[in-house]
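Undergrad: Sending over a structure as C-alpha cells; questions will come in a sec.
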Amino acid sequence: MFIAGLDIGTTGSKCSVYDHNGQPIKEVYQEYSVSITKEAHTVNVNLIWNCVLSILNEISSEIKHIDAICVTSFGEASVLLDESDNPLTDAYLFTDPNGEAQCQSLVDAFGEDFIFDTTGLVPGKMYSVAKWLWIKHSNPQAWAKCKKIALIEDYIVYKLSGVHQIDYSLATRTMAFDIQNLSWNKKILEFAEISESLLPNIVPIGTIADRLLDSVNIGFTNRPLIVSGCHDQVAAAIGTGVLKEKTAVDGTGTVECLTAVFKSGVNTKILQKCGYAIVPYIDNLYITYAFTYTGGALLKWYRNQFAPSEDYAKFNLSVDNEHPSGLLILPHFAGSGTPYPDSLAKGAILGLTLDSTKEQIYQALMEGPTYEMKLNLNKFAQAGADINTIYATGGGASSKEWLQIKADIMEKEIITLKSSQSGTLGCIMLAGVACGIYKDLHEAAKKLVLIKDVYNPNPDRVKEYQCLYKEYEQLYPKLYL
Numbered sequence: 107m108f109i110a111g112l113d114i115g116t117t118g119s120k121c122s123v124y125d126h127n128g129q130p131i132k133e134v135y136q137e138y139s140v141s142i143t144k145e146a147h148t149v150n151v152n153l154i155w156n157c158v159l160s161i162l163n164e165i166s167s168e169i170k171h172i173d174a175i176c177v178t179s180f181g182e183a184s185v186l187l188d189e190s191d192n193p194l195t196d197a198y199l200f201t202d203p204n205g206e207a208q209c210q211s212l213v214d215a216f217g218e219d220f221i222f223d224t225t226g227l228v229p230g231k232m233y234s235v236a237k238w239l240w241i242k243h244s245n246p247q248a249w250a251k252c253k254k255i256a257l258i259e260d261y262i263v264y265k266l267s268g269v270h271q272i273d274y275s276l277a278t279r280t281m282a283f284d285i286q287n288l289s290w291n292k293k294i295l296e297f298a299e300i301s302e303s304l305l306p307n308i309v310p311i312g313t314i315a316d317r318l319l320d321s322v323n324i325g326f327t328n329r330p331l332i333v334s335g336c337h338d339q340v341a342a343a344i345g346t347g348v349l350k351e352k353t354a355v356d357g358t359g360t361v362e363c364l365t366a367v368f369k370s371g372v373n374t375k376i377l378q379k380c381g382y383a384i385v386p387y388i389d390n391l392y393i394t395y396a397f398t399y400t401g402g403a404l405l406k407w408y409r410n411q412f413a414p415s416e417d418y419a420k421f422n423l424s425v426d427n428e429h430p431s432g433l434l435i436l437p438h439f440a441g442s443g444t445p446y447p448d449s450l451a452k453g454a455i456l457g458l459t460l461d462s463t464k465e466q467i468y469q470a471l472m473e474g475p476t477y478e479m480k481l482n483l484n485k486f487a488q489a490g491a492d493i494n495t496i497y498a499t500g501g502g503a504s505s506k507e508w509l510q511i512k513a514d515i516m517e518k519e520i521i522t523l524k525s526s527q528s529g530t531l532g533c534i535m536l537a538g539v540a541c542g543i544y545k546d547l548h549e550a551a552k553k554l555v556l557i558k559d560v561y562n563p564n565p566d567r568v569k570e571y572q573c574l575y576k577e578y579e580q581l582y583p584k585l586y587l
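So this is what it looks like as C-alpha cells:
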C-alpha cells in the first residue's frame, strides 16, 4: 500500500509518498509565482491546480497505485467559483493589505469579545470573511457570479474528489466559523450577507471526501481516497507527534511559530489579550499559535549585511556553548508577533560595548527570538496551557547550537526528529488512518515519528539565562508601552 501527503504552500507545493511500513518512497516539489503589489498580494489558483496535477503526474509515472491522498494548505486565502467551477478572482494572501475597513465593520457590529469567543480569533483583515466583504465591495461583478467559496485545501480536495468540504482547523481561519458549535456562525454570515450555501460542509480533521474523480486523469491505475487534512500549521503538529496537551512544535524558518496543544478550561481572556487563536484539534483538544516574524530571518540579515559569502555552519561554530552572549536583542525587525502584536514595533540591540564581538551579536540573534518564545510559553502557563515538551522543526532545527540555546532559555526538553517534512508527514499519518493502515494518529505517530536527538537544559547556563530573561521581559514594555 502507498499513501501520499500533499502540502500546498504559498509559493510551491510538495507531495510525499510512503509505503505501509512507514518508509518514504518519493517526494516531488514544484514552485509557482505569487503577485505582490502595493494594491494586493495574490496567487492564481489555476497555477496551484496545474502544479498539483503536474506533481501527481510525476508521482504516477513511477507509482501507479496510491491508496489515499491527504491535502493540507496555508490558511485564510480563498477562491470564488462560478457555476462552472471557474475561479472568479485570484486568492488573496494573508499578507494582503485589503479588508481593514470590512474587518472593522464586523468589530463595530459584534465587538471583539464576541468575535473571539465565537471564532477563536482576534479580529484581523487577514481572515477570509474580511476579504469576502472587501471583494463584495470592490468587485461586485465577480461576487454576483459566485456559486461556491473555497479555501485552498478544500479547493484542491473539491477539484480532486468533487466534494465541497472543509476541516475544522482551516475553517477557523475564516473568522466565520463557530468553534463552540463547530458550524458556520449564522450571525456573522447574516451580517456579511453571505449565504451559507456558498461555503463548504464542515468536517473533522482527516475526513475522507470521496475517491479521485474519473475525470481527473493523472495516471493512477486506481482511484485513491481523497482526504481533507487540515491547516498546514496543524499538519506540522500532527507530523511531529504533538497529539496531547502540554506538548508543542517549534517551527523555525524565516519566521518562528510555536504550535501548542491544550485542553478546554484555559483562561481565554489571556489568550485573547495576547493574540492567540483557539483552534479545534483532535480528541477534544485545541491548538494555538505563538509566533515572531523574525526567527531565521535575523540570521539571514546578519549574513547578508556582514558576511554574505560565509556559510551559516561557520557562524554556528562561533557560538559560545558555555555562556550567553551577554547582549539582548529585541527581535522585532519586522514588527512584533505574540504576545504583543504590534506592526510598528522596531528591533533593538542592547548591551554593546567596545569589547563586543560579531560572534556575540550572532549568538544574541539566536537568543532574541528564543526569549520571545519564552515570553509566549509563560503567557500560555498563565492561561493554564503550560507546555512541558517541545519538538523542533524547520531550518533552525539543523543548528545544534541554537537548539541548546532554546533548551537553556525555555528550560524545556527540545526534541528533533529524523524527518524534516513534518507537514507532509502529518498528511501521511491522516491518510494512513483514513485507509485503515493505522488505528488512529497515536499509532501512526509510533510508527512514523522517529526521534533524532534530545536537548536538555544545561543547569549552569540556565541560571545565567534566567538573569538575562528578567531584563529581556522588560524591554518591549519599556520601549513601547
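One gets the numbering used here by counting positions in the sequence shown from 1 and adding 106 to each. C-beta atoms are modelled at their ideal positions from N, C-alpha and C, and glycine is treated no differently. Remember, it's a predicted structure, so these values are computed and weren't measured experimentally.
(1) What span of residues does the alpha helix (DSSP H) with Y578 cover, start to end?
(2) At a threshold of 7 Å, does T278 count as lining the ligand ATP (C-beta to nearest heavy atom)?
(3) So, for L304: in the same chain, excluding its five sequence neighbours on each side, which residues have a beta-carbon less than 8 Å away from its beta-carbon?
(4) Take the Cβ of P246 as the centre, count every other Cβ of all protein chains shown within 10 Å, and call the residue buried at 16 or more, exposed below.
(5) Cβ of T444 within 8 Å of Cβ of G381?
(6) So, helix, strand or coil for L112, using DSSP?
(7) Pick out whichever of L377, E428 and I543 has its Cα sitting closest to the Cα of A489.
(8) So which of T327, L295 and K558 has the shortest CA-CA distance to K170?
(9) For L581, collect the residues of the same chain with a Cβ closer than 8 Å to its Cβ; drop the 5 residues on either side in sequence, then sort them by chain order.
(10) Under 8 Å between the Cβ atoms of E362 and T398?
(11) Could I get the ranges of all uninterrupted beta strand (DSSP E) runs contained in the region 148-221, with 3 residues as the minimum, in chain order?
(12) Locate the alpha helix (DSSP H) running through G532, then write down its first and last residues.
(13) Please list the terminal residues of the continuous alpha helix (DSSP H) segment that includes E296.
(14) Less than 8 Å between the beta carbons of P193 and L186, yes or no?
(15) Would you call the CB atoms of C121 and I165 closer than 8 Å?
(16) Helix, strand or coil for Y586, going by three-state DSSP, please let me know.
(17) Roughly how many angstroms lie between the CA atoms of K506 and T313, to the nearest whole one?
(18) How about L536 and I344: are their beta carbons less than 8 Å apart?
(19) At what residues does the beta strand (DSSP E) containing S122 begin and finish?
(20) Quick check on the DSSP output: the beta strand (DSSP E) that includes E428 runs from which residue to which?
(21) Which one of K485, N484 and R409 has the shortest CA to CA distance from M472?
(22) Am I right that S234 and T280 are in contact with their C-beta atoms under 8 Å? What's the rounded C-beta distance?
(23) If you scan the region 343-414 from start to end, which runs of the alpha helix (DSSP H) of 4 or more residues do you find wholly inside it?
(24) To the nearest angstrom, how far is it from the Cα of D284 to the Cα of I294?
(25) Which value, in whole angstroms, describes the spacing of the CA atoms of T278 and F220?
(26) If I follow the unbroken beta strand (DSSP E) through I324, where does it start and stop?
(27) DSSP on G441, reduced to helix/strand/coil?
(28) Is the CB-CB distance between I175 and V333 below 8 Å?
(29) Which residue marks the beginning of the alpha helix (DSSP H) containing N422, and which one marks its end?
(30) Cutting at 6 Å between CB atoms, please list the residues of its own chain near S442, excluding the five before and the five after it.
(31) Where does S139 land, buried or exposed, given buried means 16+ other C-beta within 10 angstroms?
(32) When you compare each of V263, D214 and I142 to P203 by their alpha carbons, which one comes out closest?
(33) So, with DSSP's three-state summary, where would you put Y468?
(34) Is it buried or exposed, K610, if we count other Cβ atoms within 10 angstroms and call 16 or more buried?
(35) Answer yes or no: do T495 and G335 have a C-beta to C-beta separation smaller than 8 Å?
TA: By the coordinates alone:
(1) P565 to Y578
(2) Within the structure as shown, the ligand ATP is missing, as the structure has no ligands at all.
(3) C252, K253, K254 and I255
(4) exposed
(5) yes
(6) strand
(7) L377
(8) T327
(9) L434, L436, A454 and L456
(10) yes
(11) 174-179 and 184-187
(12) S528 to A540
(13) K292 to A298
(14) yes
(15) yes
(16) helix
(17) 38 Å
(18) yes
(19) G118 to D125
(20) From DSSP, E428 is part of no beta strand (DSSP E); its letter is neither H nor E.
(21) R409
(22) 4 Å
(23) 374-380 and 402-412
(24) 10 Å
(25) 15 Å
(26) Run containing I324: none; DSSP gives neither H nor E here.
(27) strand
(28) yes
(29) Y418 to L423
(30) D448 and A451
(31) exposed
(32) I142
(33) helix
(34) Nothing can be reported for residue 610: it is not among the residues displayed for the chain, which extend from 107 to 587.
(35) no
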